[in-house]
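Under the working numbering, think of the first position of the sequence shown as 378, with each following residue one higher. Don't be surprised by glycine CBs; every beta carbon is placed ideally from N, CA and C. Worksheet for the structure shown next.
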Amino acid sequence: MNVPKLILILVACFFIGCKHSPNFDKQVWIDNPDVGDTSNPRAWMVEDVMKNHLRPGMSRKAVLDLLGKPYQEGIENRLPKGTKFPDSISFENEENLKPENSDKATDAINKFQKMYAKPVMLLRYPVGWSTIDPNFLIIKLNKKQLVEEFWVEQS
């Protein structure tokens, strides 16, 4: 391989590697709020945001100052952390995957959800895509509008 070709390859690798920074950049984050952007640079930053910038106990205002306006903000009914569906109604149970049983299992899951889910305040920030669905940084606030916990989930 000749030297100019090697230099060109190394320069190209450098620029490809520098396209997205894993470090949080507030301006880049705020400039890229689009949920439809499958190559959203937030995807590269979200780990740093969670590890080094978000903290339990932060105020809602501090989160908005840091990350800007969320894509969605509101109350959702969610199962408490660690709650699992009983095996009898779970779709991991092969019986529930059979066409003749799927409606019954779905109804049972919906009843379980209604019975045990609690209203929680969530902020959602789009952070890229998985194979076919968008991923969101979810920030859960308590009744005092303070961060309780945060995570990334597929929607």
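By a beta-carbon distance limit of 8 Å, F513 contacts V504. Their separation comes to about 6 Å. The beta-carbon distance between K495 and P457, rounded to whole angstroms, is 6 Å. This is short enough to meet the 8 Å contact definition.
Per DSSP, V423 is one residue of the alpha helix (DSSP H) stretching across 419-425. Annotated three-state conformation of L474 is helix, per DSSP.
M492 sits exposed, since fewer than 16 C-beta atoms from the chains shown fall within 10 Å of its C-beta. In terms of Cβ geometry, E453 and L499 form a close pair [threshold 9 Å]. Taking 9 Å as the cut-off, the beta carbon of D425 is found closer than this to the beta carbon of P399.
Ranked by Cα distance from E526, the options S532, K520, I515 are led by I515. Distances from the CA of L441 to each of W406, D411, T460 were compared; the closest alpha carbon is that of W406. The residues V524, E525, E526, in chain order, have a CB closer than 7 Å to that of P433 in the same chain once the five nearest residues on each side in sequence are set aside.
Here S465 carries a coil assignment [DSSP, helix/strand/coil]. With respect to the 9 Å criterion, M422 and D402 are classified as neighbours on the basis of their beta carbons.
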